[in-house]
Structure formats: structure tokens, C-alpha cells
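Chains as they are written, first to last, in our numbering: chain A, 1 to 349; chain B, 1001 to 1349. We put the beta carbon where it would ideally sit given N, CA and C, even for glycine. All values derive from a computational prediction rather than experimental measurement.
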DNA sequence: CTGTTAGCGCATTCAT
DNA sequence: ATGAATGCGCTAACAG
């Protein structure tokens, strides 16, 4: 019923091995026979059987990209960049690899499940994006999986994620969240702010912790007391930013600035401030993180820390494909850039 | 080196066949032996070999989700919803399926490439999201692929995409873009607008054409001449909206409303209007399409047509998994809902 | 440069 | 309810 490699071989009057070689291009074949084979492929409308191919070769063309939230452009932009470097030629069998993005939804179980599934598929590479979950048991389980994947020949790259000490084989492209957080808060302090609210992300995420640490480092460096009541944790979404801002205002109506975990949260914060009758930045300044595409269009435009998501993703993709050398020591830190825009200004008198 | 099913069988003192049956759960196995097998699996840290399994079973656990632009929340939201219905138990071998998102970037070649790759992998199902490309040759090629996939046992579902007449096996969940476009423009006409600019998406996309047709139908119904100079085509991104708006204003400074292809484009339009010193909606009203998460936070909040992306995606996912009956005739039309917000108002006198 | 041979690891008949 | 045997379609030595 379905056309197999043997059918193609028969039609082209060559051996199955030759067809395989033509398809994989990893072996010298006379151009005349190659042409004959390709014609037969075309005439029979043959499509390689991926599972059979992967079974025999003990590796597949699958490259997994794990993201925490595919509906969040932060991950979308990175995933697109990674995939663009994977999609091209360079794989086996026809020169195409299947870059697949897997949405964990931030769930530890799903993260592990996807890793197992990718391991099961003998994936050529796996790229994990975004902050890691800081639960010790989970981190250990992930590290163990990564080690197994590596041992099975799967390349492992972390993009926008801190290195995993227990899985040192994983190449890490880390964002300098701490430094970015610090820059941002120092900018606000420089403007004269002293009572800053902070809307943090979920507690158990590395991204959350690092950005918050940067914020606190800046406060500390300028002798500003870090009142724990000025920090609220939430999710990385708009609604969380909205609610957290109302809570912060309730706790301290004299706040002059709100620093958000990311741009999406900052947008929610802006909405809450407006709904509370406060002007931005006249009454309260707002700052975000990431510099997502919509941030420049916010009104006023959002002051934030730009992360080179596309560049980092592309690089991670190339490393995953073995087309770029990993950084020395397997770890590279990618810095953010402070983007000062209209949403921050001097505090009200 | 790597643990195989035979190793598990040996350890559990059963035959490989029994282990296979336990893993797939499609066959009666005594609970005592099942337990023994599962223990062995655990002890040996066994992971099923996906390719081998797929080869033998002639089908895989892969479910492909094709999107035009993964960095666009329109697709991200749908993809997340689809994946959430796929990820759960119900697949073969361990009850997990691998929902994978493939980013075509709007390129016809990549769309076909991904379909071939998915065909090669013997995917269990394929979901194509968003507007189709209207090139006849390409549409034919895609339809042919879909037919082949279907014949090979792959379920094919279209989500937010018009039915493919040449591939009637594909279940289609279509958005009523025409109706939504019409509602939106009628809303503006009802407010008193007569000189409306329209920023359309790329020419060759069904979504673009349908929304535009709805717009024109509304104009026509109200006896408003459709001046071709009031329509500009562009991409589905912010920058395109910005530039198109400047162009529209250049062509006709007396415009009182701008209808955008989608919310992202509308945001760019808002930016262009503001940069031109015009007030929204005081001088010019703006409307979008989709009602993406950020649209309610725009200033002013965006009037738009809400598309039930999550619901439609979830339904498409269930149909793809065979957990929900396809709609009668294999086609269902999903309507949008007009969301009137602050960005539209009566035209200036 | 090309053909021959032998598995890859598992699901699935048939038996029992 | 379980075991034995066969083949899925392809790639990778090894010859030649």
C-alpha cells in the first residue's frame, strides 16, 4: 500500500542502500544515479518513514523547544528565533529538521513529561527556555533527565535560563536578570524615587528571584530600606499586575514607583493606576522588563530592560544544531539594556 | 548500553510481549504481573523507544500544530489551547502524546515542508491554524498533502481556517471573519463615520480577504462609496499598522476612522495617529480584530471583534484527538463578538 | 561508487 | 493471561 524505499530502489534499478544514501546525502553517489533515484522518488511520491529511519539510525530529526507559556510573546519570540535556525537544511534525510515547541505551562510535571517524550523520540537536541523552577527535587529530576539525554547523544541547550550545576553538559545562555533588575531600580532611584513597590513573579522561579535580587541590591546600594510590604508576588500576566498594584497602593498610598516583573505585568499595573485615578509617570512611575514588541506602544511608552530574545534564541538554535561553538565553559551571560521611556519620571513633590 | 524492552522483560521474568502489553494498556494483563513489570521499568529507568514503537505500530504519538507566527499571541493562545487538550493521557505507550507547534512564518514552502515532516513521522493528527494562503498552486499542494495524511490515518483539523474544498476530509473550525468585519464597520458607520480607512493584511491570505469583504459589505449596505485609495495592504504587525496609517492620512487627511486588520496592526495605527498629533477617538477612531489580551489595556481600550481563540483551539484539539465528534458536515463556523470600547466614538464635526 | 547483509526495538499475530 | 515468532522500513557496516 504505502511506498517504501525498496519500491523506489526497484524503480530506479538500484539497491535500497543507494536510495538511502541519496536521501541522506552523507555519502558519495554518482550524479547520474542520484538523478535517477530522485526521479523515482518523485514519480512514486515517496515519503521517507521517519520512525524507521530514526530507529535504524538511532537518532531523529526532532529538536524540542520547551517554553513555559507559548501565549506569552517572551517565549514566542525566542521560540521563533530558535526554530528559524533549526528549520533550515543540515538535518538528516532530506536536510530538514523538525523544530517542535512544547508548552509546559509552567508545570513541573509537564516539563518532565515533555523531556521524557523527547527522550523517547531520540531527539537530536533540546532547548529549554526561560526561568527554571527552584524546587530542589524537581531541579534534580530535570538535571537527571538532561544528563540522560546528553548521554543518549541529544544536545542540550538552555536559553534564558541559568546553568544547571547538576547537568554541566547543558550549554547555558543566561540572561543577566539580576543586573537588569538592578539597572532599572537604580534608574528610578536616580530620578529621586525612594518608595518603590515591586511586583514579583511566581516565588519559585529563578527569573523572579534574580530580578528581585537586582532590585534589592540597588535599594541596598543607595541606603534605601527594603520594606517587605512593598513587594508582592504574582503570576507573569496582566491580571496579576493589576491586582498586585491595587494591593501595593492599599499598603502604601504614598508609593511613587512600581517596578514590575515583566512588561505584561507592567501593563496591568498601568491599568490599575489609571483606574485608581493616578497619572503615569506624574503620580507614579512604572517600569517593566523584557521590552516586548508592544511595550513601546504603551501609553506612555514603557521604561524597561531590553533582552535580546531574538539574538539569544538564534544563537541557542545554532548551538543546538552544532553550527556554532558553545561559549567557553559552556556558559554565556547575555546582558539586557535599559530602555528609558515615558513611563518613568521624577516623583511628585 | 541503552535499556530495551527485552531487558525489562528479563528483569520482570515475563516475555517482551507482556511488557509491551502493560505499557500500551490495550490488552488484559494480570495485575500482579503488571505490577512486576512496572517495577522493573522503574528500576531500570526504562524509556520506550519512540521510533521503534511507531515503526511497529505504524503510527506515532506526535500531533503537529502549524501556526503562521508563533510570536503572535493570536497563534500562541490557540496553540496553547490545542496543546492543552493533546497533552493529557489518551495516547499510546504511557498515555502521553507529543503536541508540537511548528512555526511556518507564513511561508508556503515551510508549511509544506512541515506537513511532509509530519507525514514522515506518521503523526497521529495535524492541526492547521489561521488563515490560508490563497495561491492556487499552493492551496492545491496543501490539499493534496492533507489528503495523503488523511489516507495514512492522520486526523486533519483546520482551526480558524476556511474549509479546503479539495481536501474535504479535513474538519474545519472556521472563524466568521466576514461577519466580524462587517459588524465592526457597521458599528463605526452607526457612530456617524463616512470616511473610513482600512488597513488590510497581506493580499494573499484568506483572513485578509474575508475581513475586508465584511468591511466592504457594510459600506455597501449603507451606500458609502468604497474608495480604493482608502485601503492599504500590509503585514499583520505593528510596524505595518504604523506605516499604513501615515499613508492613509497622507492620501486623505479628513479620515475619521481607521479599521485595522487585527489588534496588533491597530496598535501601530494608534501610535501613528498620536505621533501625528491626532486624538483617539476625538479626531480619529480606531478598531482592531481578535481581542488579544493586551487590547483591553491599550489607551484608549481597543474596540475590536473578540474571537474565542481558546475555546476554538480546545475544540480543535479534542477533535484531533478523537475525543469530540466533528461538527455535522465537517464544518463549523465560529462567530466573533463585537467589543465596543474607548477607541471608537462619534466623528469630529 | 554500489550491492549485500544484518539488525535497530517494538507490536502483533498466532499459539498455548 | 502469557509466550514465541515475525516483520515494520530503514541505515550502517562490510564487501566488492
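Start-to-end residues for the beta strand (DSSP E) that takes in residue i
i                       : result
residue 332 of chain A  : 331-334
residue 1008 of chain B : Counting along the chain, residue 1008 of chain B falls outside any beta strand (DSSP E), though it belongs to the alpha helix (DSSP H) covering 1005-1012.
residue 1112 of chain B : Per DSSP, residue 1112 of chain B belongs to no beta strand (DSSP E); it is in the alpha helix (DSSP H), 1108-1120.
residue 1338 of chain B : 1337-1339
Chain-order list of residues whose beta-carbon lies under 7 Å from that of residue i (same chain, five-residue window excluded)
i                       : result
residue 1111 of chain B : 1066, 1104, 1142
residue 76 of chain A   : 70
residue 1027 of chain B : 1021
residue 239 of chain A  : 268
Residue i vs residue j beta-carbon contact at 8 Å
i                       : j                       : result
residue 170 of chain A  : residue 162 of chain A  : no
residue 1269 of chain B : residue 1199 of chain B : yes
residue 1047 of chain B : residue 116 of chain A  : yes
residue 1214 of chain B : residue 1178 of chain B : yes
residue 266 of chain A  : residue 286 of chain A  : yes
residue 55 of chain A   : residue 1055 of chain B : yes
residue 1100 of chain B : residue 1188 of chain B : no
residue 120 of chain A  : residue 1282 of chain B : no
residue 153 of chain A  : residue 114 of chain A  : no
residue 128 of chain A  : residue 98 of chain A   : no
residue 1335 of chain B : residue 1227 of chain B : no
residue 1012 of chain B : residue 1040 of chain B : yes
residue 124 of chain A  : residue 146 of chain A  : no
residue 1252 of chain B : residue 1230 of chain B : yes
residue 160 of chain A  : residue 332 of chain A  : no
residue 1191 of chain B : residue 1344 of chain B : yes
residue 206 of chain A  : residue 196 of chain A  : no
residue 289 of chain A  : residue 211 of chain A  : yes
residue 246 of chain A  : residue 78 of chain A   : no
residue 155 of chain A  : residue 59 of chain A   : no
residue 1044 of chain B : residue 1003 of chain B : yes
residue 320 of chain A  : residue 284 of chain A  : no
residue 348 of chain A  : residue 85 of chain A   : no
residue 224 of chain A  : residue 250 of chain A  : no
residue 1096 of chain B : residue 1042 of chain B : no
Cβ-based neighbour list, residue i, same chain, cut-off 6 Å, excluding 5 preceding and 5 following
i                       : result
residue 342 of chain A  : 300, 301
residue 337 of chain A  : 306
residue 1339 of chain B : 1291, 1304, 1306
residue 133 of chain A  : 108, 204
residue 1182 of chain B : 1214, 1217, 1218
residue 1242 of chain B : 1268, 1271, 1272
residue 222 of chain A  : 189
residue 1330 of chain B : 1171
residue 1327 of chain B : none
Residues near residue i in its chain [Cβ-Cβ closer than 8 Å; skip 5 each side]
i                       : result
residue 1014 of chain B : 1033, 1036, 1037
residue 202 of chain A  : 106, 208, 233, 234, 235, 236
residue 350 of chain A  : Shown here, chain A extends from 1 to 349; a query on residue 350 of chain A therefore has no answer.
residue 1254 of chain B : 1195
residue 1073 of chain B : 1292, 1293, 1294
First through last residue of the alpha helix (DSSP H) which encompasses residue i
i                     : result
residue 98 of chain A : That residue, residue 98 of chain A, is in no alpha helix (DSSP H); its beta strand (DSSP E) goes 98-103.
residue 23 of chain A : 16-24
Item to check | Entirely enclosed beta strand (DSSP E) segments - the region 1233-1286 of chain B, minimum 3 residues | outcome: 1257-1260
Checklist entry - Residue ranges of each beta strand (DSSP E) run of no fewer than 3 residues wholly in the region 183-215 of chain A, ordered along the chain? => result 196-200
Checklist entry - Using a beta-carbon distance cut-off of less than 9 Å, what residues from the region 156-175 of chain A approach chain B? => result none
Item to check | Residues from the region 112-127 of chain A in contact with chain B, defined by Cβ distance under 7 Å | outcome: 113, 116, 117, 119, 120, 121, 122
Checklist entry - Whole alpha helix (DSSP H) runs in the region 130-184 of chain A with 4 or more residues, listed along the chain? => result 136-151
Checklist entry - Of all the residues that make up the region 1258-1285 of chain B, which are near chain A by a beta-carbon distance shorter than 9 Å? => result 1264, 1267, 1268, 1270, 1271, 1274
Item to check | Continuous alpha helix (DSSP H) assignments of at least 4 residues falling wholly in the region 1300-1325 of chain B | outcome: 1309-1320
Item to check | chain A contacts made by the region 1301-1315 of chain B, where a contact means CB separation under 7 Å | outcome: none
Next on the checklist: Extract the residue ranges of the alpha helix (DSSP H) inside the region 1043-1075 of chain B, only unbroken runs of 4 or more that lie entirely within it.
Outcome noted: 1050-1057
Next on the checklist: What are the residues in the region 1045-1056 of chain B lying within 9 Å of chain A by C-beta distance?
Outcome noted: 1045, 1047, 1048, 1049, 1050, 1051, 1052, 1053, 1054, 1055, 1056
Checklist entry - When Cβ atoms are compared, which residues of the region 70-81 of chain A fall closer than 9 Å to chain B? => result 70, 71, 72, 73, 75, 76, 77, 78, 79, 80, 81
Checklist entry - What are the residues of the region 285-296 of chain A that lie near chain B, defined by any Cβ-Cβ distance shorter than 7 Å? => result 293, 294
Item to check | chain A contacts made by the region 1001-1031 of chain B, where a contact means CB separation under 8 Å | outcome: 1002
Checklist entry - Can you list, in chain order, the residues of the region 1217-1249 of chain B whose Cβ is nearer than 7 Å to any Cβ on chain A? => result 1238
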